[in-house]
Amino acid sequence: MKAAETTFEMEATRRRPEERRLALRTLYVLAVAALAALVPLILFAGLWLRSELAQSQRDMETYLADRVKALSQQVDAQMRQQLSLVTAVSALPSLDGPDPAAFLADASRLLTGGPRWHALTLVEVESGRTLVSAPQEAETGQPLTPSAELVRQVATSRQPAVRAFPPGTGTGGARPEQQIALYIPVIRNGTPGHVLVAAARASAVQDVLMAAATPELLTVVIDGSGRVLARSRGPDLTGQQANADLRGVIDERPTGVFAARTLDGQEVFTAFQRSPLTGWTAVAAMDRGRYAALSNRSTFATLAAGLLSLTLAAVLAIVLSYNVVQSRVNHERLAASRALSDLDARLLAATQDALAEQRKAATEREVLLREIYHRVKNNLQIVQSLLRLGARDLSPEQQEPFEAAVRRIGAMARVHTLLYNSPDLASVDLRDYLDDLTEEVASSFGAQERGIKVVLDAQPMRVPLDTAVPLAFIAVELLTNAFRHAFPGDRTGTVTVRSYLSGERGVLEVSDDGIGLPEARPGRRSLGLTIVTKLARQIEGELEMPPPGGSLARIAFPLDAKPAPPLPGIAKAAG
């Protein structure tokens, strides 16, 4: 008996894990079924919610659009009635002449017992002159001054026009409220020779607005300039500019619905419509809280059900997909890590190779440039030596052209010497160059033996290669002129060389305290002056040469460096 019980217990113990696995499998199946059932429910709830919200919004927009359309029609009807009355007045026989005195009497009678006008004005179109002006009450002051441009426009189009004007001050008294001016062409014999202007108070529009007002709506009429003409609530805000957002939307389209803030800070849902007759815009607005309440009542239950369904679906989805997603993420991370390691290694190798190639190319370029500058300098020095040898046995007058050529070639050779020692191989320091140049030119003219002193006042200044060579020739010529012409005979003195920066340009000055340059021979121009002029033009410099007897020469030149020539061009020049 005990053996049977033991066997039964062992069998039960063996079955428990299988039963547990079966229960878990059943639980997963039920969870998947529940998720499959919830998805259509969630989709239906979302669609129904969207439909309810859209319907509520459409109903509100339709209601506001109908109200603002009715308001616009009522205001237009009032204005048409007023225009019809003014048109009838324009047909009076006293305007056939016109007869100002007779019309003044007619206008006074009309203003006393007729429509709600407080002034009638008759304007001649051609001259713009006011022929008749008849105010009704003294406290209203003079009527509005008619707009000459609008008078011409009404006469040209032969169509009436309505304009609103803000509060102001007339020539005869205060005008405390807004005015409405009705312009009617007076046509006789097919010609609009005059325009009749009737002025009425804006309170007529306010009365129309208040007659159609309802407690739940704010109604407003805005004139063509964006100013509040009438308002059902807060009439003290009339005459002010409407909300900037509302003005911007009105300018873009004639009708529409949008959310905005009123002048008194209330958040409203607004519909508007512009009148084609007057250009005014009728506005109807409802508090956004009422609109939100209408939407919330119809959708609250659906929102709660949808939120609950989404929460359950999210929980079930997380439970079912966690293991699969975690395994996949780990696998993708491992693969991505391996791929990134390989990519980093390849990028590092490629970057190092590219940097090595760039350093190698830069080194080769530097070596090549230095070699070119060195060879050019040596060749120029050889040419100098040949010129000196050729001039050795000539007379002093015959040696002068050779010496001038030697100085000019030396100027080029000195530039290439400085380029050879330059850190960037593309520019030279003008101060170092002028230091060597003044010493050499002074020595060639025996300045020390002649008692001529040379003063150099130069600021550090980097000059690009394309400017340095022409500037070297110019400096040689200016120094040569100073030593050759300023100190004849035994005269002593000082030659001053200055270089400095002036804004974005460099300036080189050569002056002396001698007698200056002699007068040029008629019909003849020296080679040195020709070289200086053309080279100054080449570097886009501004050259100022001294007049006869003058002692100061100046050249201002740009310092913007030109791009260095490419390597193939350098190799070709070297060859």
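For the sequence shown, full-length UniProt numbering gives the first residue as 1, with consecutive numbering after it.
Built from N, CA and C at the ideal position, the CB exists for glycine as well.
- Fewer than three beta-carbon pairs drawn from the segment 200-216 and the segment 264-279 are found closer than 8 Å, and the two stretches are therefore not classed as touching.
- Taking each of A282, L348, G256 in turn and checking the Cα distance to D76, the smallest one comes out for A282.
- In the same chain as A271, and ignoring 5 residues on each side of it, the C-beta atoms closer than 6 Å to its own belong to L64, A65, V68, V257, A284, in chain order.
- Cβ-Cβ separation between M79 and V162: approximately 6 Å, consistent with a contact (criterion under 8 Å).
- Of all alpha-carbon atoms in A447, S443, G528, L465, the one lying nearest the alpha-carbon of T417 is that of L465.
- Inclusion of T214 and P160 in the CB contact set at 8 Å is not warranted, their separation being larger than that value.
- In the displayed model, V125 falls within coil according to three-state DSSP, outside both helix and strand.
- For the 8 Å CB-CB criterion, P488 and L517 do not form a contact.
- Look at R505 here: in three-state DSSP terms it is strand.
- Just so you know, the alpha carbons of G224 and L307 end up roughly 48 Å apart.
- Between the alpha carbons of T191 and A119 lies a distance of about 25 Å.
- Distance from the Cα of S94 is smallest, within the candidate group P146, K534, L196, G128, for L196.
- According to the DSSP secondary-structure assignment, A148 is paired through a beta bridge with no residue.
- Contact between R554 and V497 does not hold, since their C-beta atoms are separated by about 11 Å, which reaches or exceeds 8 Å.
- P166 is not a Cβ neighbour of Q153, given a cutoff of 8 Å.
- When rounded, the separation of the alpha-carbon atoms in D435 and S427 is 16 Å.
- In this structure, DSSP gives F483 a helical state, which the three-state scheme calls helix.
- Looking at the backbone, the Cα of L85 and that of L150 are separated by about 20 Å.
- S225: not part of any alpha helix (DSSP H); DSSP gives it neither H nor E.
- In this chain, the alpha helix (DSSP H) harbouring T530 covers 527-538.
- L229 is positioned such that its CB atom lies closer than 8 Å to that of T238.
- In the assembly as shown, V329 is an exposed residue. Its beta-carbon has fewer than 16 other beta-carbons within 10 Å.
- The criterion of a C-beta distance shorter than 8 Å is not satisfied by A458 and S511.
- Under the three-state reduction of DSSP, I318 is assigned to helix.
- Annotation: Q448 is outside any beta strand (DSSP E); the continuous alpha helix (DSSP H) that includes it extends over 447-450.
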